[in-house]
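Report on one structure; see the data block that follows.
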Amino acid sequence: MRKLNHSILILLIILFGCKTSTKDASELNEPTFTLKNDYSNFQKLMSERDTIMFWMDLSVCLHQGMEKSVVTKKGDSLKIIIYYKESAFSDKEYTERKTIKISVNDTTWSFGEFLAENKNRTRQNEKGDPTFGMYSDTAKLYFYTYGLADLNRFIIDYSKVMRRLDPENPVYRIADLEDVEIEEGIELLNDIKD
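All residue numbers for the sequence shown refer to the working numbering, where the first residue is 37 and numbers rise by one.
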């Protein structure tokens, strides 16, 4: 009788233990973050299972450059690894420039605000090459620019936001241009075109 009671007890423990762990496993698999809907708030909504990658084509006129970053989450902090390569059209590998850790509640970087301000650039079925791309394990999102002036403005805005993470990075020195200088440059280009 005692063996039977022990066997029933062990069986009940196994059944309830498996049921609890199955529930926990299914909760872990529920998606909490979707790139297409939550891209501008990824800092707070991504989980430790998510990896967000984004790249930016920093090429304008004679300058050729590409940057990509990988964002992961651990606890209440984000780890951002920034990579760069000098030419968008070469076989050169990206080199790691910097690894940065920030709080998920960080307000200095404001990358989500930058993405939200540029949501109109994410049109579907766009022709041409995107200037900026973001992707996760399940989705891709592309941002487009329209003409040289728009491209320059987008790169400057991106550089201003990224310089908050890495102020010594020479790639972001374009962010030092003032709006007046940009407008004068646009006027000069328009004069040349006419």
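In this text, a Cβ means the ideal position worked out from N, Cα and C, and glycines have one as well.
Check whether the stretch 142-161 touches the stretch 186-203, taking contact to mean three or more Cβ pairs, one atom from each stretch, closer than 8 Å. yes
Would you report the Cα separation of Asp186 and Lys196, rounded to the nearest angstrom? 15 Å
Among Met92, Ala211, Glu162, Gln79, which has the Cα closest to the Cα of Tyr119? Met92
Phe168 lies in the beta strand (DSSP E); which residues open and close that run? 168-171
Please return the same chain residues whose Cβ sits closer than 8 Å to the Cβ of Glu129, not counting the five positions on each side in sequence. Lys121
Report yes or no: is there a C-beta of chain B within less than 9 Å of the C-beta of Gly111? This model lacks chain B altogether; it includes just one protein chain.
Would you please state the rounded distance, in angstroms, between the beta carbons of Ser76 and Lys109? I believe it to be under 8 Å. About 16 Å separates the two Cβ atoms, so there is no contact after all.
List in chain order: all unbroken beta strand (DSSP E) runs of 3+ residues lying wholly within the stretch 95-133. 102-110, 113-121
Candidates Gly169, Leu114, Leu151, Asp127: closest to Ile136 by CA position: Leu114
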